[in-house]
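Just so you know, we're using my numbering here: the sequence shown kicks off at 1 and counts up by one.
Since the structure comes first, as structure tokens, the remarks are kept for the end.
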Amino acid sequence: MGPPPAKWKGACTGQNFTCNKWDKTESYLNDGTAINTFDLNGTSYPLIWGGDAVNYSIGANSEIASYCWWGALSSTQVQGKIVLCDGVDEGSGILVANGVGAIWSYSFLNDVSFSWDIPTTIVSSEDGQRILDYIKTSENPIATILVGETPKDVMAPSVVSFSSRGPSLITPDILKIGRAWDLNYPSFSLAIEDGKPIMGAFPRTVTNVGSANSTYTATVTHPALCTVNVEPSTLTFSALGEKQSFTVTVVGPKDISVSNLPITSGAIVWSDGTYTVRTPIVLYTILPGSTYGSYSMPAKKANFFGSPQNQKNGHGFLGRN
1 MGPPPAKWKG
11 ACTGQNFTCN
21 KWDKTESYLN
31 DGTAINTFDL
41 NGTSYPLIWG
51 GDAVNYSIGA
61 NSEIASYCWW
71 GALSSTQVQG
81 KIVLCDGVDE
91 GSGILVANGV
101 GAIWSYSFLN
111 DVSFSWDIPT
121 TIVSSEDGQR
131 ILDYIKTSEN
141 PIATILVGET
151 PKDVMAPSVV
161 SFSSRGPSLI
171 TPDILKIGRA
181 WDLNYPSFSL
191 AIEDGKPIMG
201 AFPRTVTNVG
211 SANSTYTATV
221 THPALCTVNV
231 EPSTLTFSAL
241 GEKQSFTVTV
251 VGPKDISVSN
261 LPITSGAIVW
271 SDGTYTVRTP
281 IVLYTILPGS
291 TYGSYSMPAK
301 KANFFGSPQN
311 QKNGHGFLGR
321 N
């Protein structure tokens with residue numbers, strides 16, 4: 001890993017480390033080397049490896065204690081110390097053993113934030129090994145954890161691994177969220193059992209929150225191989241808060257089943273010339289007999305033309321862009 005931007009880098013001393021792992025905080029060992037993390041108000045504390053603080057009374061061994069699991073650490077040896085641990089945990093094992101801080105040695109979680117009850121940092125496995133070497137070769141190893149700075153107005157360098165990337169094949173009524181103005185408008189997600197014809201109907205009710213007197217016309221971008229019909233395709237309002245209903249039907253050719261259809265999408269756009277409301281449409285296949293469901297309805301076995309949980313009345317707002 002190369003050096004961080006200058007504005008992220010703190011002052012480093014010592015011969016073995018560079019401050020190039022995290023942008024949040026810094027912790028310093030007594031030989032002047034620096035790694036990153038949290039805060040102990042500048043006070044140095046004894047440093048111990050979890051594997052050297054085994055609670056033998058519960059049957060733990062050095063390997064178990066190295067992960068700092070709850071109950072695996074000896075409070076006699078951990079009390080008042082910062083503990084170096086393998087992996088990542090919530091820190092309850094150190095807290096219950098009266099430790100004052102934690103250094104977790106783990107290399108794989110570089111896009112996840114954590115919250116702990118004690119001052120904590122995560123370092124790479126390589127740096128964790130260096131810290132362990134320091135503990136093993138020092139008569140009185142000590143460390144402290146200092147508060148650092150979070151950079152402001154800096155664009156994230158990557159998308160986190162758990163970010164939504166498309167329709168959920170487990171919960172069919174969850175679509176990927178697009179732009180912020182999509183959030184108020186129920187989307188159309190049509191899950192069809194493999195081998196069945198493409199067919200679905202979606203009743204919707206919308207509320208006018210734009211101009212008191214307005215007329216919205218629907219424009220459709222059709223999913224591949226499918227026809228989308230909106231009835232009525234024009235909605236006329238005479239007051240704010242007025243509600244109007246419409247139905248969207250999605251139909252595919254009779255000789256085409258969803259076994260021939262990949263995930264495909266389209267959209268309906270309502271516009272009165274001033275305000276525009278866009279609602280995505282997504283069609284995809286589920287395997288015969290697959291269980292589907294959501295938080296709003298019990299899991300069921302698939303045996304339908306279209307996704308029932310998406311054929312219920314939905315509510316949206318017209319007049320927000």
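Built from N, CA and C at the ideal position, the CB exists for glycine as well.
Self-check item: Backbone secondary structure at Ser238 - three-state DSSP
Solution: Here residue 238 is taken as the residue at index 238 of the sequence shown, counted from 1. Coil.
Practice problem: Below 6 Å CB to CB, which residues in the same chain sit around Phe237 once its five sequence neighbours on both sides are set aside? | Solution: Looking up residue 237 in the sequence shown gives position 237. Excluding sequence neighbours, Phe237 sits near Asn208 and Ser214.
Quiz item: Smallest Cα separation from Pro348: which of Ser125, Val250, Gln79 and Thr43?
Solution: This structure gives no information on residue 348, because the portion of the chain shown stretches from 1 to 321.
Exercise. Count the other CB atoms, across all protein chains shown, that sit within 10 Å of the CB of Ser105; report buried if there are 16 or more and exposed otherwise.
Key: Reading the sequence shown from its first residue, position 105 is the one you call residue 105. Buried.
Exercise. Compute the Euclidean distance between the alpha carbons of Gly42 and Glu63, then round it to the nearest angstrom.
Key: On the sequence shown, position 42 is the one that residue 42 refers to. On the sequence shown, position 63 is the one that residue 63 refers to. Approximately 31 Å, taken between the alpha carbons.
Practice problem: Evaluate Val123 with the Cβ neighbour count: other Cβ atoms within 10 Å of its Cβ, from every protein chain shown; 16 or more gives buried, anything less gives exposed. | Solution: On the sequence shown, position 123 is the one that residue 123 refers to. Per the 10 Å Cβ criterion, buried.
Exercise. For Thr274, name the three-state secondary structure that DSSP assigns.
Key: Locating residue 274 in the sequence shown gives position 274, counting from the first residue. Of the three classes helix, strand and coil, the one that applies to Thr274 here is coil, per DSSP.
Quiz prompt | Outcome for Val224 when other beta-carbon atoms lying within 10 angstroms are tallied against a minimum of 16 | solution = Sequence index remark: in the sequence shown, residue 224 carries index 224 (1-based). Note that residue 224 corresponds to Ala in the displayed sequence, not to Val. By the 10 Å Cβ count, Ala224 comes out exposed.
Exercise. Taking the CB atoms as reference points, tell me whether Tyr216 and Leu240 lie closer together than 9 Å.
Key: Counting from one through the sequence shown, the residue named residue 216 turns up at place 216. Counting from one through the sequence shown, the residue named residue 240 turns up at place 240. Contact: no.
Quiz item: When DSSP builds the beta bridges, which residues end up paired with Lys243?
Solution: Against the sequence shown, residue 243 aligns to sequence position 243. Residue pairing by DSSP places Lys243 opposite Thr207 in a beta bridge.
Quiz item: Going by the beta-carbon positions, is the gap between Ile94 and Gly128 smaller than 9 Å?
Solution: Locating residue 94 in the sequence shown gives position 94, counting from the first residue. Locating residue 128 in the sequence shown gives position 128, counting from the first residue. Not closer than 9 Å, so no.
Quiz prompt | Three-state secondary structure (DSSP) of Gly200 | solution = In the sequence shown, the residue the question calls residue 200 occupies position 200. Here Gly200 sits in strand by DSSP.
Quiz item: Using CA coordinates, which residue listed in Ala212, Thr247 and Ser189 is at the minimum distance from Gly266?
Solution: Position 266 of the sequence shown holds residue 266. Per the Cα distances, Ser189.
Quiz item: Near Asp133, which residues of its chain fall below 8 Å by C-beta distance, leaving aside the five closest residues on each side in sequence?
Solution: In the sequence shown, the residue the question calls residue 133 occupies position 133. Answer for Asp133: no residue qualifies.
Quiz item: Is Lys81 buried or exposed, if buried means 16 or more other CB atoms sit within 10 Å of its CB?
Solution: Position 81 of the sequence shown, counted from the first residue, corresponds to residue 81. So Lys81 counts as buried.
Exercise. For Tyr134, name the three-state secondary structure that DSSP assigns.
Key: Along the sequence shown, read from residue 1 onward, the residue named residue 134 stands at position 134. In this structure, Tyr134 counts as helix in the three-state DSSP scheme.
Quiz item: When we look at the beta-carbon of Asn55 and count the other beta-carbons within 10 Å, is it buried (16 or more) or exposed?
Solution: Against the sequence shown, residue 55 aligns to sequence position 55. Flag for Asn55 reads buried.
Quiz item: Out of curiosity, what's the CA-to-CA distance linking Phe114 and Asn229?
Solution: What you label residue 114 is simply residue 114 of the sequence shown in a count that begins at 1. What you label residue 229 is simply residue 229 of the sequence shown in a count that begins at 1. If I take the Cα positions, the gap works out to 47 Å.
Exercise. Decide if Val96 is buried, meaning its Cβ has at least 16 other Cβ atoms within 10 Å, or exposed.
Key: Position 96 of the sequence shown holds residue 96. Classification of Val96: exposed, given that the 10 Å Cβ count is below 16.
Practice problem: Could you check what DSSP says for Ser107 in three-state terms: helix, strand or coil? | Solution: In the sequence shown, residue 107 corresponds to position 107, counting from 1. Note: Ser107 maps to coil in three-state DSSP.
Quiz item: What's the gap between the Cα of Arg278 and the Cα of Ala201?
Solution: On the sequence shown, position 278 is the one that residue 278 refers to. On the sequence shown, position 201 is the one that residue 201 refers to. Whole-angstrom Cα-Cα distance: 18 Å.
Quiz item: Taking the alpha-carbon positions, what's the Cys88 to Ile263 distance?
Solution: Translated into positions along the sequence shown, residue 88 becomes position 88. Translated into positions along the sequence shown, residue 263 becomes position 263. It should be noted that the sequence gives Val, not Cys, for residue 88. Rounded to whole angstroms, Val88 to Ile263 spans 37 Å at the Cα level.
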